[in-house]
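Worksheet: one structure, shown below.
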Amino acid sequence: MIRFNQPDCRVRRARLLRLLAVATVAVLALCAVGGRGGGGGVLAYTEVRLNGRDWTLSNGANVTFSGASVPGNVHVDLQDVAKVISDPYYRFNEAAYRWIAMDTWTYSKSFAMTAVTLQEKQYWLTLEGVDTVASIMINGKTIASVQSQHLRHGIAVDRGVFVLGSNQIKIAISSAVNYASQQSQAYPYVVPDSGQLGSFPHANFIRKAQSDFGWDWGPAFAPPGINGGIYLQGFSDCLIDAFGVSQLFQAGARPPHRSPAHDGSRSHAEQAYAGFDANGAQQQQEQDEQGVFPGNSESDHDASLAEARRLAASPVTLIISATLLSAADKVAAVLYVAIDQVTATTVPIFLDHGVNNVETTVNIASPILWWPVGYGAQHLYNITLTLYPLKADPADIDALVARPLRPEDTSSDGSVTNASPLHEMPYYARSRSIGVRSVQLVEEPLANQTGLSFYFVINGLAIYAKGANWIPADAFHTRVTPAKINHLLQSAVAANMNMVRVWGGGIYQPEIFYDLCDQKGLLVWQELMFACALYPRSAIFTSLVTVEVQQQVQRLSTHPSIIIWGGNNEVEAALNWYDVPNVAPQVYSVDYWQLFADVVRTAVLKADPNRPFVDSSPSKGLLSESPYVKRWGDVGGTAYGDVHFYDYADDCQSVAIYPQARFVSEFGFQSFPSFQTWLAVTTSEDWSYDSALMQFRQRHPQGTDQLVAQLKRHFRTPTPNATSDQATQQEHFEQWCYLTQIQQSLCYETAISNWRRLKGEDAHTMGVLYWQLNDIWQGPTWSSIEWSGRWKMLHYHAKRFFAPFMVSSYVDASNSLHVHVTSDLLTAESGSVVLELRAYSTGALDSSSSVSFSVGALGSVEIYADAVSNLLKKSGCTITSCFVRMLGETNSGLNVTAHAFLAEFSQVTLPQPTITITSVSLVNSTVAEVRLSASTVALFVFIETTIVDAGYFSDNGFTLLPSEVAVLTFTSTTPLDLSAFSNSLHVRSLRDTY
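Written as structure tokens, this is what we have:
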């Protein structure tokens, strides 16, 4: 299939026939060796790269210096190069440096144009990211003005703008804060923003990361800068500017969003699935009518595996949408598309001057499927697009037809050889990796219940989503290195996660983020960049949004890890947050509909119709897909869609407070980061949870009060302690940070263990993504990984409560203990769980009993339920003298340990353990083994190093008995020095907080 999306991108019949003849013989020869285009000819363009650390940066007043970086950020260069400011994260510097966001900053640089680079017909300046409102000038002439951080700007530049020799480019970046304020003031009515504590106002009026203006977990810097590379391309024929890929399984295909909202009139996405084979369609109809839910029986699981095998054996069509640039009208070209050494196709085209959009398809007969981590391998193909511009002279085309490509004209890698008729032809090539997988979001009726399911099916297999929300990893986006991204994502995998949700208040992540998710098998819920506010719908705003969505969806569409597009975060919910005088609420509903249903949804479906889309999270979903009608109402309900849940007033260690939701895409509780993370940005006077700096750093209203209230329910809490003894002050603050992390871990363990159990019950919960994976700076937040890269105790607990096989428990309101076995394994498991009663005073075993179990594939089952009093009556224990240790073992050899603490820790008298590091050794240059023992029972044993931030232990925050030796490994991202690492280790337990 060849489709030209540009109305005036005309195909002339006679010339097309000649080109088609050339293309056909060419692709036959190239496919014979399974090759790829390009490599043998010469580049069809010249390029001037403008990146580097040789830019001049000035605010036009008191600051001008050389050595600024592109890509780069004004704050970072003011600190690192000009030495005008110190660390923006240090103490109260955020407030002191707000002036930077109010100034206009101009980047300038000289570059050379030679006689060679000046001979091209067309010049195209690409700016991969400008933050945010800027004017671009070359040699004093303004060539463009831009207003979006989320766009890749492509600017056609007339050759007459350049001169032979030295040229100058200037990029003047205006204050984003002032621009947003001006746009808000000029708007005909008030449009409320998120109103975060300490933030700049009106972030919703500018296409910039909303959290740049401040959030309840981060600072308000509104930083200006140039976030992406800059390069100038000159060409006289044509170039590939960008391309995307959508995929469609041909046999028995399923629509990406399956729900009763889809009626007989098919949506744009469903029309592509009209070619169902009769048997596949009939089988699916019968299954839908039966209301089958994943994990209900072994036969359901077998059917899912059969569906996966069917998909692997059926052809998949890759739909390639390419954006091509042409230097003139009537440029003839051949577009060659190759998928590794598997398949290829050739597209003959004619291009008009400027931007052309071309669509074609290529088939893979029996694809190797890409799977999420834990379910299979992450196979990736390489897709290469090669563009060969052809001279318009018919004689040249006739010569190629007379001398077509032959197998001997290609090398083993598919590139053309000297003997090929394409050898001397200029070319332009672009490559990316892709994975082949099917995805569905299933929202269907549940037996004897109100509402619909909400879960994802990958390659025919229902997946329980386990993960967390990703926020910007730094307030200054260019400081985020590939190594930091890799550490965070690898940490997610190490904690048994299979999904991350890229939150809609930040930025679209760089390519390396999605490449790593593809490679690691991490699923991605990708939101578009709108969050927690209402938005305008002026012509300039909606036009920017349209281009943004089209660009970003096309860019990201090659990534198999992305399984859903989300229109926004909590914008639908925000419709009920505000009471604005003189503006009817219906006005904002109309604004919402036109922006997210008409503009955003249309742009997404145009670029990628074969992936699920939801317009908001949380949301109750749709009443109808065609026409598109939302199920308006309270998005906090649990019967439909996904849920965001936050409750800081009730006891977070009580399962009773957690809703029986279908899918939880946000929930959480705060903690403080470790002392080591605080150390670089504080002084000793700050080391108290109620100090001036801690109050300044706490951006969640009443956040610290809520933390204290939760702690007092369960623990002996330390009081603020201002003392002249710095060592004592430090120790008390370290204990406070540690205790908040225990509390946070137990809150999440209670909630997530409960939601994982509910997949086997009427709630049919099929996913939990907690708030939040990572931090943007050092402060009290909901994260499980600190800004420094250190794992909080929560992340170690996440490794346990997200484990594929889990034993969990809870005590209900009638004081009965319930024990469950939950499995995400693809096979049924059986085995036993031993319930031990152990003494707090010594760790000694008082009594034990064993319970057998059998759990189905991807299932959950209750294996024990009895009054706590019955458990204790045959022992010498009380709820304050003993705890329950549960040792689970499967017949296949899996082992897991869990605990149930029957009384509040504030009611328990703990002995003071002596915890000894008995040995430290290197396994290899980046992995060390550490062994620990304890003199008596030690709860929440936490070991940390003072010298390595980006690393983690195999376990932490655990219970250690005096009869045991804990054997841990520590994995670092950098080589370890054994002596330094050994000396840096420090261990504490809960008793240390008394």
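In case it helps, this note's numbering puts the sequence shown at residues 815 to 1808.
Even for Gly, the Cβ is constructed at its ideal location relative to N, Cα and C.
Taken in chain order, the complete alpha helix (DSSP H) segments of 4 or more residues contained in the segment 1556-1608 number zero; there are none. Taking 8 Å as the cut-off, the beta carbon of S1720 is found closer than this to the beta carbon of R1530. A residue is called buried when at least 16 other Cβ atoms come within 10 angstroms of its Cβ; R973 does not meet this threshold and is exposed.
In the DSSP assignment, D1680 falls within the beta strand (DSSP E) that extends over 1674-1681. Here C1052 carries a strand assignment [DSSP, helix/strand/coil]. Linking D1576 to Q1364 through their CA atoms gives a straight-line distance of about 39 Å.
With a cutoff of 8 Å on beta-carbon distance, V1169 and V1161 are scored as not near each other. According to DSSP, residue pairing for D1456 in a beta bridge involves S1433. I1197 carries a strand assignment under DSSP once its states are collapsed to helix, strand and coil. One thing to note: P1776 has its Cβ no nearer than 8 Å to the Cβ of G1690.
Across the structure, F1615 and T1295 are spaced so that their CA atoms are roughly 29 Å apart. In the DSSP assignment, M1311 falls outside any beta strand (DSSP E) and carries neither an H nor an E.
Rounded to the nearest whole angstrom, the C-alpha separation of Q961 and S1247 is 31 Å. Across the set R966, T946, G1039, the C-alpha of T946 shows the shortest separation from the C-alpha of A994. Taking a 10 Å sphere around the C-beta of Q1061, we find 16 or more other C-beta atoms and assign the residue as buried. Rounded to whole angstroms, W1031 and S1739 show a C-alpha spacing of 36 Å. Collapsing the DSSP output to three states places G1058 in a strand. Residue environment: M1311 is assigned as buried (16 or more neighbouring CB atoms within 10 Å of its CB, all protein chains considered). The bridge partners DSSP lists for V1004 come to none.
Contact between K1334 and Q1304 is confirmed by a C-beta separation of about 7 Å, below the 8 Å threshold. Distance from the CA atom of N865 to the CA atom of I952, rounded to whole angstroms, is 16 Å. Counting of Cβ neighbours within 10 angstroms places R867 among the exposed residues, the total staying below 16. Across the structure, D1680 and G1574 are spaced so that their CA atoms are roughly 20 Å apart. The beta carbon of K923 is closer than 6 Å to those of W869, I983 in its chain, skipping five residues each way along the sequence. By alpha-carbon distance to V1314, the top candidate from T1360, E1362, T1579, W1379 is W1379.
Residues N1273, G1274, L1275 of the same chain have their beta carbon placed closer than 8 Å to that of E1121, with the five preceding and five following residues left out of the count. Where S872 is concerned, the enclosing beta strand (DSSP E) starts and stops at 866-872. Under the DSSP assignment, F1772 falls in the beta strand (DSSP E) whose first and last residues are 1772-1774.
Counting only residues of its own chain and dropping the five nearest sequence neighbours on each side, G1058 has a CB closer than 6 Å to the CB of S1135, Q1368, S1371.
Listed as beta-bridge partners of G886 by DSSP are I1040. For I1471, the secondary structure class from DSSP, reduced to helix, strand or coil, is helix. Within the segment 1239-1319, complete beta strand (DSSP E) segments of at least 3 residues are found at 1240-1248, 1253-1256, 1269-1272, 1275-1277, 1279-1284, 1313-1316, given in chain order. Contact check between the segment 1446-1465 and the segment 1421-1437: three or more CB pairs, one atom from each, fall below 8 Å, which counts as touching. Only residues of its own chain outside the window of five on either side were considered, and among them F1697 have a CB closer than 7 Å to the CB of F1715, listed in chain order. Residue pairing for Q1323: DSSP places it in no beta bridge.
A contact is defined here as three or more CB-CB pairs under 8 Å, and the segment 1547-1562 meets this definition with respect to the segment 1602-1612.
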